[in-house]
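For reference, the structure discussed in these notes is given below.
Protein chains in written order, with my numbering: chain W, 1 to 225; chain L, 226 to 450.
This is the structure in structure tokens:
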């Protein structure tokens, strides 16, 4: 029987690369996406399109409305997505988002008896979110090992963050080697309904620069440029 | 301005006592309940009834269907709630439930700038769930301090588990001192729509024995006895 992995799967560049890595390592993959009140819900459409063309055992989209709490430019209509670089933790930070997503992943992992949860967090070319750093991931693992039946029995699920110390350029090069079609992925924080990107938000800027630095033609469709 | 606390609030004996403790300590209280696919959804009705008579700033009920994953007698129709004592971690254990609930609480806490999250976990007279033990709570706190903007700025939310080392008898005595009306609370894993209890599930048995040992008349309405 193959090893099982849950992939936190947004349909963006990082999580799609993560999926390809897990599959290349022989895992049976179970994709987990969230409809959490994000303004850029077309990322979920991207996730569905990618899943269709990948050998995924199951894709679950969990409804969990974090927009009800507000507090982030990604979920709160009263806060605009910034279109220029900002200092410190940006307004696109969604309070405790990775913790919530990993926790729900942990619940599913325990029922599936999954060996791993893959998360495409990245602490190099990233937006400065606290819940993307290695020390956070380590602390989540320690907590998860104490939280679950499988954890205290010594066969708990392992968090896998293969992108955490890669640059965006390295991620793209690795993905292309593994056959990822980045034209299908949506990273933009304010993508339109067709999945076209703005080209000016933080996420677009980081992605654009990475394609440029990797000397790879940017396959992203933009609506603003 | 008063301190703010989020109370993980099921409408059961423990969380209702927790709410009374937080209020006695001068916190403005925000109750957080979950519709997670539990069979005993009448606990949510109990939660709403109790909230009506308590001075609560806001009550949010989050929809997050963990029954989709299955794996627990509390959410999975294919698994009966046990009516006699069992060995080890019982089938009523819901995978990663406290982790998911605390994580969503953490998200709300960060937006509210809350000082504390109160959780009525209890490691003495309890069902043997791994996510009720002090070492688990400590690990969650460590993780939360690394996960959030407020945490890394040094003013993160503090988990408060005032019941963790109390016996059920001590909890009831404390609650009565604080004026808790336990007749309104629902602890039963298979309570009927009127909020009446079975009297035979694990949760009922622990609760019943506690009222008996505390020499307090059991105010619970039962449908099986």
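We put the CB at the ideal spot given by N, CA and C, even for glycine.
*Cβ-heavy atom distance between residue 340(L) and the ligand FAD below 7 Å?*
The model depicted lacks the ligand FAD and carries no ligand whatsoever.
*Is the distance from the Cβ of residue 75(W) to the Cβ of residue 36(W) below 8 Å?*
For the 8 Å CB-CB criterion, residue 75(W) and residue 36(W) form a contact.
*From this set, 395(L), 312(L), 304(L) and 384(L), which residue's C-alpha is nearest residue 451(L)'s C-alpha?*
This structure cannot speak to residue 451(L), because chain L is shown only from 226 to 450.
*asked:* Three or more C-beta pairs under 8 Å: does that hold for the region 191-199 of chain W against the region 154-170 of chain W?
replied: No: the two stretches stay apart, fewer than three of their Cβ pairs being nearer than 8 Å.
*Would a check of beta-carbon distances place residue 37(W) closer than 8 Å to chain L?*
Not flagged as an interface residue toward chain L: residue 37(W), since no C-beta distance is shorter than 8 Å.
*From what residue to what residue does the beta strand (DSSP E) around residue 255(L) run?*
Note, residue 255(L): beta strand (DSSP E), 253-260.
*Shortest alpha-carbon distance to residue 327(L) belongs to which of 359(L), 271(L), 374(L) and 343(L)?*
Among 359(L), 271(L), 374(L) and 343(L), the Cα nearest to that of residue 327(L) belongs to 343(L).
_Within the continuous beta strand (DSSP E) that includes residue 385(L), where are the two ends?_
Secondary structure note for residue 385(L): its beta strand (DSSP E) is the uninterrupted segment 383-385.
*How many angstroms separate the CA atom of residue 371(L) from the CA atom of residue 443(L)?*
Counting only the Cα atoms, residue 443(L) lies some 43 Å from residue 371(L).
*Alpha carbon to alpha carbon, what distance is there between residue 176(W) and residue 54(W)?*
Going by C-alpha positions, residue 54(W) is about 15 Å away from residue 176(W).
*Taking the CB atoms as reference points, tell me whether residue 159(W) and residue 137(W) lie closer together than 8 Å.*
With respect to residue 137(W), residue 159(W) sits close: the two C-beta atoms are nearer than 8 Å.
*Short check: CB of residue 256(L) to CB of residue 276(L), under 8 Å?*
Their beta carbons are under 8 Å apart, which means residue 256(L) touches residue 276(L) by this criterion.
*With distances taken between CB atoms, is the gap from residue 66(W) to residue 332(L) smaller than 8 Å?*
Pairing residue 66(W) with residue 332(L) gives a Cβ-Cβ distance under 8 Å.
*Determine the DSSP secondary structure at residue 234(L), reduced to helix, strand or coil.*
Reduced to three states, the DSSP call for residue 234(L) is coil.
*Have a look at residue 268(L) and residue 305(L) and give me their C-alpha separation to the nearest angstrom.*
Going by the C-alpha atoms only, they are around 18 Å apart.
_What does DSSP give as the partner residue(s) for residue 288(L) in the beta ladder?_
The partner list for residue 288(L) (beta bridge, DSSP) reads 260(L).
_Selected residue, minimal CA-CA separation from residue 201(W), among 94(W), 3(W), 82(W) and 49(W)_ = Out of 94(W), 3(W), 82(W) and 49(W), 82(W) has the C-alpha closest to the C-alpha of residue 201(W).
_Quick check: the Cα distance between residue 414(L) and residue 149(W), rounded to an integer number of angstroms?_
Those two C-alpha atoms are separated by around 20 Å.
*Could you please give the first and the last residue of the uninterrupted beta strand (DSSP E) stretch that includes residue 119(W)?*
Unbroken run through residue 119(W): none, as it is neither H nor E.
*Going by Cα to Cα distance, which pick from 325(L), 302(L) and 324(L) is closest to residue 316(L)?*
Nearest C-alpha to residue 316(L): 302(L).
*Who pairs with residue 447(L) in a beta bridge, going by DSSP?*
In the DSSP output, where bridge partners are listed per residue, residue 447(L) has 422(L).
*Looking only at DSSP bridge pairs, what is residue 58(W) linked to?*
DSSP links residue 58(W) through a beta bridge to 30(W).
*Using a beta-carbon distance cut-off of less than 9 Å, what residues from the region 112-136 of chain W approach chain L?*
For the region 112-136 of chain W, the set of positions with a beta-carbon nearer than 9 Å to some beta-carbon of chain L reads 112, 129, 130, 131, 133, 135 and 136 in chain order.
*In chain L, which residues lie with their C-beta within 7 Å of the C-beta of residue 103(W)?*
By Cβ distance, chain L contributes 321, 324, 325 and 328.
*Under three-state DSSP, which class holds residue 229(L)?*
In the displayed model, residue 229(L) falls within a strand according to three-state DSSP.
*Compare the beta carbon distance of residue 337(L) and residue 242(L) with 8 Å and say whether it is the shorter of the two.*
It is not a contact, given that the beta carbons lie outside the stated cut-off.
*Compute the beta-carbon to beta-carbon distance between residue 323(L) and residue 346(L), rounded to the nearest angstrom, for a pair I have assumed lies under 8 Å.*
Indeed, because the Cβ distance is near 7 Å, the residues count as touching under 8 Å.
*Could you tell me whether any Cβ in chain W is nearer than 8 Å to the Cβ of residue 365(L)?*
Chain W contact via Cβ: present.
*Rounded straight-line distance, which links the Cα of residue 447(L) to that of residue 33(W)*: Approximately 41 Å between the Cα atoms of the pair.
*Name, please, each residue of chain L whose Cβ falls closer than 7 Å to the Cβ of residue 93(W).*
Here the neighbours are 374.
*Please name the residue in 13(W), 128(W) and 180(W) whose C-alpha comes closest to that of residue 85(W).*
Minimum Cα distance to residue 85(W) is reached at 128(W).
*For the candidate residues 329(L), 230(L), 245(L) and 240(L), whose alpha-carbon lies nearest to that of residue 283(L)?*
In terms of Cα proximity to residue 283(L), the closest of 329(L), 230(L), 245(L) and 240(L) is 230(L).
*Name, please, each residue of chain W whose Cβ falls closer than 9 Å to the Cβ of residue 293(L).*
Near residue 293(L) (Cβ distances below 9 Å), the residues of chain W are 60, 62 and 108.
*If residue 288(L) sits next to residue 63(W), beta carbons under 8 Å apart, how far is it from one beta carbon to the other, in whole angstroms?*
Between residue 288(L) and residue 63(W), the beta carbon gap of about 7 Å places them in contact (Cβ cut-off 8 Å).
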